[in-house]
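Numbering (our numbering), first residue to last: 81 to 185.
Notes to accompany the following structure.
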């Protein structure tokens with residue numbers, strides 16, 4: 081009965097390694113979105129942190145348009161990051177064989 085604890089420990093260590101690899105992959109990815117024909121550009125890493133923001137000078141005097149474009153770009157880039165995180169997590173679960181609660185593809 082206690083022989084399985086060693087196997088369970090190895091499995092948990094493997095899962096932790098996979099989680100660490102996934103985190104590193106997410107941190108290294110960069111997503112880019114343009115709004116308003118490129119007048120607003122946002123870059124975000126895979127952890128959901130904004131790492132760059134460029135705003136065309138012509139928008140500085142048009143606050144309403146700037147707000148609309150920023151909201152649209154932020155929503156788009158957040159969706160991209162979330163979809164990437166979900167697909168990466170599902171890929172990690174798929175790598176665990178019979179433990180995938182979502183079934184196999």
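Where a beta carbon is used, it is the ideal one built from N, C-alpha and C, also for glycine.
Keep in mind that this is a model prediction, so the values were computed, not measured.
Is residue i near residue j, with beta carbons less than 8 Å apart?
{"i": "residue 120", "j": "residue 150", "result": "yes"}
Excluding the five sequence neighbours on either side, which residues of its own chain have a C-beta within less than 7 Å of the C-beta of residue i, listed in chain order?
{"i": "residue 140", "result": "none"}
{"i": "residue 168", "result": "102, 105 and 106"}
{"i": "residue 86", "result": "none"}
So what does residue i bridge to, in DSSP terms?
{"i": "residue 115", "result": "120"}
{"i": "residue 154", "result": "BP columns for residue 154 are empty, so no partner."}
{"i": "residue 135", "result": "120"}
What's the C-alpha gap between residue i and residue j?
{"i": "residue 165", "j": "residue 126", "result": "7 Å"}
{"i": "residue 128", "j": "residue 142", "result": "27 Å"}
{"i": "residue 145", "j": "residue 160", "result": "23 Å"}
Quick one: residues in its chain with C-beta nearer than 6 Å to the C-beta of residue i, no 5 flanking neighbours on either side, listed in chain order?
{"i": "residue 113", "result": "122, 153, 156 and 157"}
Starting from the C-beta of residue i, find all residues in its chain whose C-beta is less than 8 Å away, skip the five residues before and the five after it, and write them out in chain order.
{"i": "residue 110", "result": "123, 124, 125, 126 and 131"}
Assess contact between the segment 131-144 and the segment 84-93, defined as three or more Cβ pairs (one per stretch) separated by less than 8 Å. Is contact present? no
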